[in-house]
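First up is the structure itself, then whatever we jot down about it.
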Amino acid sequence: MTLPLFDTAMPGYDRVKASALRFVEAMKLGEAPWRYRKEPGGGESFYGSYHALHVLDMFGGLGSLSEQERDGWAGYICAHQSEDGLFRAAPQRNRTDSTIDSVEPHWHYTRGHLWALRILDRPPRYPLRFIEPLLDARALYRWVKKYDWANPWAAGNQVLACATALMAVRDWFDAPGVDAVMEQGMLPALEELLDERTGFWGTQFGAGLPNGLFGTIHLTPIYFAQGWPLRAAERNLDSTLACQLDDGSFWPGGSDCPDFDGAYMMANLGELTEYRRDDLSKAARRYLEHALMHESPDGCGWLLHRRDSRPEQWKSRPHWIWRAGEPRVTAEYRDDDPARTHIMLGSWFYPLSIALIARLLRDTGYEGPYRLNPMSLHECNAFSLEPA
Numbered sequence: 476m477t478l479p480l481f482d483t484a485m486p487g488y489d490r491v492k493a494s495a496l497r498f499v500e501a502m503k504l505g506e507a508p509w510r511y512r513k514e515p516g517g518g519e520s521f522y523g524s525y526h527a528l529h530v531l532d533m534f535g536g537l538g539s540l541s542e543q544e545r546d547g548w549a550g551y552i553c554a555h556q557s558e559d560g561l562f563r564a565a566p567q568r569n570r571t572d573s574t575i576d577s578v579e580p581h582w583h584y585t586r587g588h589l590w591a592l593r594i595l596d597r598p599p600r601y602p603l604r605f606i607e608p609l610l611d612a613r614a615l616y617r618w619v620k621k622y623d624w625a626n627p628w629a630a631g632n633q634v635l636a637c638a639t640a641l642m643a644v645r646d647w648f649d650a651p652g653v654d655a656v657m658e659q660g661m662l663p664a665l666e667e668l669l670d671e672r673t674g675f676w677g678t679q680f681g682a683g684l685p686n687g688l689f690g691t692i693h694l695t696p697i698y699f700a701q702g703w704p705l706r707a708a709e710r711n712l713d714s715t716l717a718c719q720l721d722d723g724s725f726w727p728g729g730s731d732c733p734d735f736d737g738a739y740m741m742a743n744l745g746e747l748t749e750y751r752r753d754d755l756s757k758a759a760r761r762y763l764e765h766a767l768m769h770e771s772p773d774g775c776g777w778l779l780h781r782r783d784s785r786p787e788q789w790k791s792r793p794h795w796i797w798r799a800g801e802p803r804v805t806a807e808y809r810d811d812d813p814a815r816t817h818i819m820l821g822s823w824f825y826p827l828s829i830a831l832i833a834r835l836l837r838d839t840g841y842e843g844p845y846r847l848n849p850m851s852l853h854e855c856n857a858f859s860l861e862p863a
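If you count the sequence shown from 1, you need to add 475 to reach my numbering.
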């Protein structure tokens, strides 16, 4: 059961909620509850639907859906599933011959669909047969270790998607021994890849601290979901705070994913250790001030970049593209077009990060009944979701 973080809504919470929900409403298409754009001027998008679902869930907006509407939303998501259980974009949807190596381009897409279905509490249409090769601890260990961990940001994304699929077959299809397979296969591989000097993954192989942070945030939710102890928390906190920029952000000009990543680690490390508590609190307050600089001046959504920033101050961030048949991930750079100002993801990630910082500090004026659903692993935390 998902419980609200705080019983009472403060004025800041009401404003954050209103801004997020206005943007969701502005991106709505037609009468069906599940049809959304991802951004102004765009067409219908799965990612618009997936992120809208999370925003609505965080603010208690799914309670008004009937069972038939939930079924309809799940049906919309399941239309993207192939018979082998994988979720593929339209041109490849009729394929049913996946090998575990051929899944690389589809992990992120599949992860999003599974998180959406878990939020809706609806199983997928087809069993997840594609994951069967990794239901063996030795195979899973080798699979985790095969990535280039000099780029933990990209590798961590794939491993988080795999963990999501493993949890799904455990919970929906009664696959035996999944927890044991993960503990005997995924956990030892990740433990061997953790750099105890930084508390991050991949930095011992040449990754810089920011890349290490953005990989680490994709792996720690697996630890929290499975109840695995997170080692080197103090070094992790040192490294996380070292990644924060002077304006409180975690990316030049601000960016929804890196900013959320920094806030997530700060909030969860604050649960795990009392180390550098004063420094952590100061960093969290700087982050909150920064996140609010992404609040759209018109009260509708959250900006891609800080509202006081200029394009020449922005740094385009990579989106990791796994192309079929290519041995390495490709970095595709975007988010630096001045004409693009809002996307649906920002209306999930900035309110979510503010919720986490409010829980850490507890005196911000942004406390409120945010509902964080651990079925979506970006909302799975080290702390128990009891009322604060």
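Glycine residues also receive a C-beta, built at the ideal position from the N, C-alpha and C atoms.
For arginine 809, the closest C-alpha among the options Pro663, Thr678, Pro786 is that of Pro786. Membership of tyrosine 698 in the alpha helix (DSSP H) is indicated by the continuous run 684–701. Closest by C-alpha distance to aspartate 646, out of Pro598, Gly687, Gly631, is Pro598. Pairing glutamate 770 with serine 494 gives a Cβ-Cβ distance under 7 Å. Looking at Tyr551, Ala814, Trp590, Arg617, the one whose alpha-carbon comes closest to that of isoleucine 575 is Arg617.
Secondary structure note for arginine 586: it is in no beta strand (DSSP E), and the uninterrupted alpha helix (DSSP H) holding it is 582–595. For the alpha helix (DSSP H) assignment, the uninterrupted runs of no fewer than 4 residues enclosed by the segment 495–549 are, from N- to C-terminal side, 521–533. Per the coordinates, the alpha-carbon of serine 822 lies some 29 Å from the alpha-carbon of glycine 560. Spanning the alpha carbons of methionine 819 and valine 530 requires a straight line of approximately 9 Å. Between glutamate 764 and glutamine 719, the alpha-carbon positions lie close to 13 Å from each other. In the structure shown, histidine 769 adopts coil according to DSSP, grouped into three states. Lysine 513 is classed as buried because its beta carbon has at least 16 other beta carbons within 10 Å across all chains shown. The segment 680–692 and the segment 744–753 do not touch, with fewer than 3 CB-CB distances between them shorter than 8 Å. The straight-line gap separating the alpha-carbon atoms of isoleucine 697 and alanine 814 is approximately 36 Å. Here DSSP, grouped into helix, strand and coil, assigns glutamate 842 to coil. Between asparagine 632 and histidine 555 a beta carbon distance of about 19 Å is seen, past the 8 Å cut, so the two are scored as non-contacting. By the Cβ-count criterion, serine 714 is buried, with 16 or more other Cβ atoms from all chains shown falling within 10 Å of its own Cβ.
In this structure, methionine 533 lies near tyrosine 845, with their beta-carbon atoms less than 7 Å apart. Using a C-beta cut-off of 8 Å, the segment 655–662 makes contact with the segment 605–620, since at least three inter-stretch Cβ pairs fall below that distance. Scanning its chain for C-beta atoms nearer than 6 Å, with the 5 sequence neighbours on each side dropped, one finds around isoleucine 796 the residues Thr805, Glu807, in chain order. In chain order, Phe699, Asn743, Glu746, Leu747 place their CB closer than 7 Å to the CB of alanine 857, counting only its own chain and leaving out the 5 sequence neighbours on each side. Spatial neighbours of leucine 537 in its own chain (CB-CB distance under 6 Å, excluding positions within 5 residues in sequence) are listed in chain order as Leu531. A distance below 7 Å separates the beta carbons of proline 627 and glycine 690. Annotation for threonine 805: the continuous beta strand (DSSP E) segment containing it runs 805–809. Note that the C-beta distance between glycine 840 and arginine 781 is not below 7 Å. With respect to the C-alpha of lysine 492, the residue from Gly776, Ser724, Leu668 having the closest C-alpha is Gly776. With distances taken between CA atoms, glycine 774 lies nearest to Asp489 out of Asp489, Met741, Ala629, Gly518. Using a 10 angstroms sphere on the CB of aspartate 731, the tally of other CB atoms reaches 16 or more, which defines it as buried. Exclusion of the five residues before and after arginine 593 leaves Met850 as the residues of its chain whose Cβ lies within less than 6 Å of its Cβ. Shortest Cα-Cα distance from glycine 550 to any of Gly587, Trp509, Glu519 involves Trp509.
By the neighbour-count criterion, in which a residue is buried when 16 or more other Cβ atoms sit within 10 angstroms of its Cβ, glycine 587 is buried. In the structure shown, proline 813 adopts coil according to DSSP, grouped into three states.
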